[in-house]
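Visitor: Numbers 17 to 292, taken from the working numbering, label the letters of the sequence shown in order. Sharing a structure below in structure tokens format, with a few things to ask.
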Amino acid sequence: MLRLLVLEGNSLAGRRRWAEVAGLTPSESYADVLRALAPGAVVDICTPADADARLPQPLDAYQGIVITGSALNIYQREPESLRQIELVRAIFVQGVPMFGSCWGLQLATVAAGGEVSLNPAGREVGFARKIALTELGRAHPMHVARGDVFDAPAIHSDIVTRLPPDTTVTARNAMSEVQAAEIRNGRGRFWGVQYHPEFSLQDVSWVIRRIGQPLVDEGFFADLAELERYAVDLAALHHDRARRDILWRLGLDQDVANDGLRQAEISNWIASLDAR
């Protein structure tokens, strides 16, 4: 029986903000995605940003560990971040395979000796466009079923700016030189992406609404009314993937609209656990 652990990247306040919009915390939503992709798997959740957090089981009870996104900025070195860095270092030592989205990639990077900084190019929001697999990425098992170039749900202002030792960059785009990577450290193996393959189109709609006015201020939308129309379109497409008009209007393709393609990296990581 496959037993997985989801590490929630957010503080209690961050979890509450997300749950107010989505009804679930990021770790709860991610756990649901894992259960759908790995029927029969037992999926536990831990909130290591909390000072009183406890692992549901010892690390060696898990075949794999997943790290969610987060509203934290790791370079601020807040206690909520430092606790997570230490836990990921312990997981590398233990050798349990990890997968991480966005914050997860940044967290593993810093835990393994790299650096993360604010992106001087600004925020990447809604979808990361024209993500291109590197030569090594095209042959990497994390990206099986992906085209050489694709879009993916994304929301982040921070990027990996210095790679840790023994890192293989598998994808990049104009906004970030590290959109996906494998990190080896100690006995451990981490696969991670800067985008969010676990996000549904509804999730992206909620993200857009939750951020709101700052996206207008940063020039992504002319006003809040335009932002709302965009969010409504995404929610409608979530419920009806045949809406060719919305796909065309938003410049999206099946690499986003098709669940199997959008979640490819997570599925491939789960398959790599079965092969161990």
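Ideal Cβ placement from N, Cα and C applies to all residues, glycine included.
1. Look up F115 in the DSSP assignment and give the residues it is bridged to.
2. What's the gap between the Cα of W222 and the Cα of R178?
3. Report, in whole angstroms, the separation of the C-beta atoms of V272 and D174, which I expect to be a contact under 8 Å.
4. Any contact of the region 143-153 with the region 233-243, i.e. 3+ C-beta pairs under 8 Å?
5. Figure out for me which residue from E198, E234, G202 has the closest Cα to the Cα of G120.
6. What distance in whole Å lies between the Cβ atoms of L71 and C62, which are believed to be in contact at a cut-off of 8 Å?
7. To which residues of the same chain is P157 closer than 7 Å at the C-beta, ignoring the five residues directly before and after it?
8. Do the region 126-137 and the region 40-55 make contact, defined as three or more Cβ pairs closer than 8 Å?
9. Quick one: what's got a C-beta closer than 6 Å to L10's C-beta in the same chain, skipping five residues either side?
10. Who are the Cβ neighbours of I282 in its own chain at under 7 Å, not counting the five residues just before and after it?
11. Mind reading off the beta-carbon distance from V59 to M17? Whole number of angstroms is fine, and I expect it under 8 Å.
12. Between which residues of its own chain and I101 is the CB-CB distance below 7 Å, once the five residues before and five after are set aside?
13. Are the CB atoms of V112 and Y78 nearer to each other than 8 Å?
14. Kindly indicate the opening and closing residues of the alpha helix (DSSP H) around P95.
15. For R139, does the three-state DSSP call read helix, strand or coil?
16. Per DSSP, F166 forms a beta bridge with which residues?
17. Once you ignore the five residues that flank L277 on each side, which residues in its own chain have a CB closer than 8 Å to its CB?
18. Suppose only complete runs of 3+ residues qualify. What are the beta strand (DSSP E) ranges in the region 176-202, listed by chain order?
19. Which residue or residues does DSSP assign as beta-bridge partners of I171?
20. I'd like the ranges of any alpha helix (DSSP H) spanning at least 4 consecutive residues and lying wholly in the region 217-259.
21. With distances taken from CA atoms, which of A251, S117, A106 is nearest D76?
22. Between N26 and S117, which are expected to be in contact by the criterion C-beta below 8 Å, what is the C-beta distance as a whole number of angstroms?
23. Looking at the unbroken beta strand (DSSP E) that takes in L21, where does it start and where does it end?
24. So the candidates are R205, A65, V141; which of them puts its Cα closest to the Cα of P169?
25. Just how far apart, CA to CA, sit N89 and G228?
26. Excluding five sequence neighbours on each side, which residues of the same chain lie with their C-beta closer than 8 Å to the C-beta of G56?
27. With C-beta atoms as the reference, is D249 less than 8 Å away from R225?
Guide: Looking at the coordinates:
1. V82, W207
2. 31 Å
3. With 8 Å as the limit, V272 and D174 do not qualify as a contact, their Cβ atoms being about 22 Å apart.
4. no
5. E198
6. 6 Å
7. N284, S288
8. no
9. Not covered by the structure: residue 10. The range shown for the chain is 17 to 292.
10. V49, L53, F115, P213, E214
11. Going by Cβ atoms, the distance from V59 to M17 rounds to 11 Å, so no, they are not a contact pair.
12. L123, V126, A127
13. yes
14. 95-110
15. coil
16. I147
17. A161, R162, F166, Q270, D271
18. 183-189, 192-201
19. V141
20. 217-227, 229-233, 240-255
21. A106
22. N26 to S117, Cβ: 13 Å. No contact.
23. 19-23
24. V141
25. 19 Å
26. M17, L18
27. no
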